[in-house]
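A short write-up of the structure that comes next.
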Amino acid sequence: MAEDKKRTGGVLVIGLGRFGGAIANTLDRLGHEVLAVEKNPDLVQFWSGRVPVIEADLTNPDAVSQVGAREFGVAVVGVGTSLEASVLITGNLVDIGVPQIWAKAISNEHARILQRIGAHHVVLPEADAGNRVAHLVSGKLLDYIEVEDGFTIVKMRPPRETQGFTIGQSQIRKRYGVTVIGVKPPGEDFVYATEETRISANDLLIVSGHSDLLERFAARP
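If you count the sequence shown from 1, you need to add 53 to reach our numbering.
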């Protein structure tokens with residue numbers, strides 16, 4: 054019973070490059086239990102005092118046991134530049150049964166290997182960032198988050214034809230196949246949208262739907 058409690062909390066972050074460092078720092082700042090593990094002594098020294106960190110090489114199964122990796126509910130493998138190290142560390146975490154393993158990949162091939170050996174979530178940060186920026190620079194979107202299978206949430210300015218009308222009057226979902234889920238008037242908080250919510254020219258919209266439909270909606274003058 055005590056072990057079950059341990060396994061539900063705490064995040065083990067392995068590798069303190071830009072990706073792992075940002076995750077460890079943010080989780081620590083948000084008040085989560087975090088332990089960072091890094092084999093480079095210079096990085097250990099840099100992060101010491103900022104986040105809980107120890108020096109160890111988790112490609113070694115003995116080191117995995119020594120840092121108590123089994124007690125963490127989540128592990129993040131932020132090692133990306135060395136495919137061999139990434140795979141070995143992820144495999145070691147799978148072997149001891151860490152409930153949730155997030156792993157960074159630097160290519161689609163790398164991602165497939167991590168998935169095959171048992172990583173629960175694989176992240177391609179550079180590819181994801183490139184995809185997001187491509188959508189932002191090519192249109193009128195202010196922010197873009199693809200959730201899964203094309204379902205996307207965006208932040209955007211309202212097309213001119215919707216300005217001054219309620220969402221119900223504009224029939225946005227019927228005409229464009231997307232859903233306005235939130236509206237932020239200037240200087241005010243975001244509010245959940247209803248059919249009676251009136252859209253003004255200076256509002257920000259949070260809109261969900263398939264990426265292709267959202268691009269078309271955002272491209273309206």
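Just so it is clear, CB atoms sit at the ideal spot from N, CA and C, and this is done for glycine as well.
Could you have a look at HIS85 and say whether DSSP puts it in helix, strand or coil? Shown here, HIS85 sits in coil according to DSSP, grouped into three states, outside any helix or strand.
Answer with buried or exposed for ALA122, where buried requires no fewer than 16 other C-beta atoms within 10 angstroms of its C-beta. Counting Cβ neighbours within 10 Å, ALA122 comes out buried, since at least 16 surround it.
Would DSSP call GLU268 helix, strand or coil? Under the three-state reduction of DSSP output, GLU268 falls in the helix class.
DSSP-derived helix/strand/coil call for GLN222: GLN222 carries a helical assignment under DSSP once its states are collapsed to helix, strand and coil.
Under a three-way DSSP split, which group does ALA116 fall into? Note: ALA116 maps to helix in three-state DSSP.
Backbone secondary structure at THR250 - three-state DSSP: THR250 sits in coil when the DSSP states are folded into three classes, being neither helix nor strand.
By alpha-carbon positions, which one of ARG82, ASN78, LEU80 and ILE67 ends up nearest to ASN93? The alpha carbon of ASN93 has as its nearest neighbour, out of ARG82, ASN78, LEU80 and ILE67, the alpha carbon of ILE67.
Buried/exposed call for ASP81, threshold 16 Cβ in 10 Å: Looking at its Cβ environment, which holds 16 or more other Cβ atoms inside 10 Å, ASP81 is buried.
Starting from the Cα of PRO274, find the closest Cα among VAL233, VAL176, ASP95 and ARG210 and give me that residue. Closest by C-alpha distance to PRO274, out of VAL233, VAL176, ASP95 and ARG210, is ARG210.
Quick one: using the 10 Å Cβ neighbour count with 16 as the cut-off for buried, is TYR197 buried or exposed? Around the CB of TYR197, 16 or more other CB atoms lie within 10 Å, so the residue is classed as buried.
Could you pull the start and end residues of the alpha helix (DSSP H) that GLN98 belongs to? Run containing GLN98: 94–100, per the alpha helix (DSSP H) assignment.
Name the one or two DSSP bridge partners that GLY262 has. Per DSSP, THR205.
In chain order, what residues of the same chain lie with their CB nearer than 8 Å to the CB of PRO105, ignoring the 5 residues before and after it? For PRO105, the CB contacts under 8 Å within the same chain, skipping 5 residues up- and downstream, are ASP81, VAL87, LEU88 and ALA89 in chain order.
For the candidate residues ARG269, ALA254 and VAL117, whose alpha-carbon lies nearest to that of GLY217? That would be ALA254, whose Cα lies nearest to the Cα of GLY217.
What residue range is occupied by the uninterrupted beta strand (DSSP E) comprising HIS174? Counted as a single uninterrupted DSSP element, the beta strand (DSSP E) harbouring HIS174 occupies residues 174–176.
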